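For reference, the structure discussed in these notes is given below.
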Amino acid sequence: MIQSLAINNLTIFPEATFNFSPQLNVLVGENGSGKSHLLKVVYAVLATSAEEGRKAPTLAPTKNLLQIRLAEKLVAVLRPESLGRLARRKQGRERCEITCLFDNPDLNLSFSFATQSKSEVEIKKLPKHWIEQSPVFLPTRELLTIYPGFVSVYENHYLEFEENWRDTCLLLGSLVLRGPREQRVKNYSPR
409 MIQSLAINNL TIFPEATFNF SPQLNVLVGE NGSGKSHLLK VVYAVLATSA
459 EEGRKAPTLA PTKNLLQIRL AEKLVAVLRP ESLGRLARRK QGRERCEITC
509 LFDNPDLNLS FSFATQSKSE VEIKKLPKHW IEQSPVFLPT RELLTIYPGF
559 VSVYENHYLE FEENWRDTCL LLGSLVLRGP REQRVKNYSP R
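Residue numbers (my numbering): 409 to 599.
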């Protein structure tokens with residue numbers, strides 16, 4: 409579970425810290441206030457860890473791998489022209505810094521990138537483990553209308569959609585869980 413996110417110099421955020429509750433968190437703000445950017449950054453961090461953990465669950469994260477994969481995911485999800493375009497361009501501030509703290513300190517991650525960065529972040533605090541569960545980001549209700557066949561079209565053609573749309577469609581197509589996890593999911597169902 410992510411406990412807090414500290415951001416310095418990211419898009420519209422000169423400096424911000426968000427502390428999350430273990431249950432439900434609600435972000436409220438006007439259009440353009442950064443709600444989606446905040447959610448997409450958290451999603452990109454969690455999804456990168458979960459994806460790499462699925463590929464090699466017994467291997468610990470390495471700086472070299474995480475620097476590349478995290479940058480790729482941030483660009484794919486937020487869709488800037490280059491990674492550095494996510495950093496605020498203010499005189500004297502040339503780096504964007506992001507720190508994610510978890511209830512398990514072995515998952516803590518801190519990284520930064522420069523305004524001129526194209527494809528790599530600098531890892532300042534490397535997690536000791538990958539995140540085990542994949543996050544879900546539900547972009548908009550329109551996704552459900554284009555869901556059938558979306559992944560194959562996305563994978564084989566250039567589309568102007570953020571990668572979190574593809575990731576959500578992959579999760580929508582996953583098989584139903586069985587066993588103890590199935591019961592936990594039922595507990596979250598509306599009554």
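Beta carbons are placed, not taken as given, at the ideal position from N, Cα and C, and that holds for glycine. Predicted model only: the values in this text are computed from it and were never measured.
Quick one: Cα of residue i to Cα of residue j, how far?
i	j	result
SER525	ARG462	27 angstroms
ARG387	ARG497	Only positions 409 to 599 of the chain appear in the structure, and residue 387 is not among them; the question remains open.
PRO422	SER444	16 angstroms
ASN472	THR419	25 angstroms
ARG493	SER429	30 angstroms
PHE569	VAL559	11 angstroms
TYR562	LEU580	15 angstroms
LEU474	PRO588	32 angstroms
ASN427	GLY442	16 angstroms
GLU480	VAL453	11 angstroms
ASN572	THR425	23 angstroms
ASN416	ARG477	21 angstroms
GLU460	LEU482	14 angstroms
THR470	THR576	26 angstroms
HIS565	LEU578	16 angstroms
LEU583	GLN431	25 angstroms
GLN541	ALA464	14 angstroms
What did DSSP end up calling residue i once you bin it into helix, strand or coil?
i	result
THR470	coil
THR507	strand
GLN475	helix
ALA414	strand
LYS532	strand
LEU355	Absent from the model: residue 355. The displayed extent of the chain is 409 to 599, so no value can be given.
PHE558	helix
ALA522	strand
LEU432	coil
LEU517	strand
Does the beta-carbon distance from residue i to residue j come in below 7 angstroms?
i	j	result
THR466	ALA495	no
ARG503	SER490	no
PRO543	ALA455	yes
PRO535	LEU546	no
ILE539	ALA468	no
ASP514	HIS537	yes
Ends of the beta strand (DSSP E) at residue i?
i	result
ASN427	421 to 427
Please list the terminal residues of the continuous alpha helix (DSSP H) segment that includes residue i.
i	result
ALA455	443 to 463
Under a CB-based cut-off of 7 angstroms, is residue i close to chain C?
i	result
TYR562	Of the chains in the structure shown, none is chain C; there is only one protein chain.
Check your understanding: When the Cβ atoms of the stretch 478 to 486 are set against those of the stretch 443 to 450, are three or more pairs found closer than 8 angstroms?
Key -> yes
Practice item. Give a yes or no on contact between the stretch 504 to 514 and the stretch 410 to 422, applying the rule of three or more CB pairs nearer than 8 angstroms. Key: yes
Practice item. May I ask you to verify whether the stretch 528 to 547 touches the stretch 422 to 439, counting CB pairs closer than 8 angstroms and requiring at least 3? Key: no
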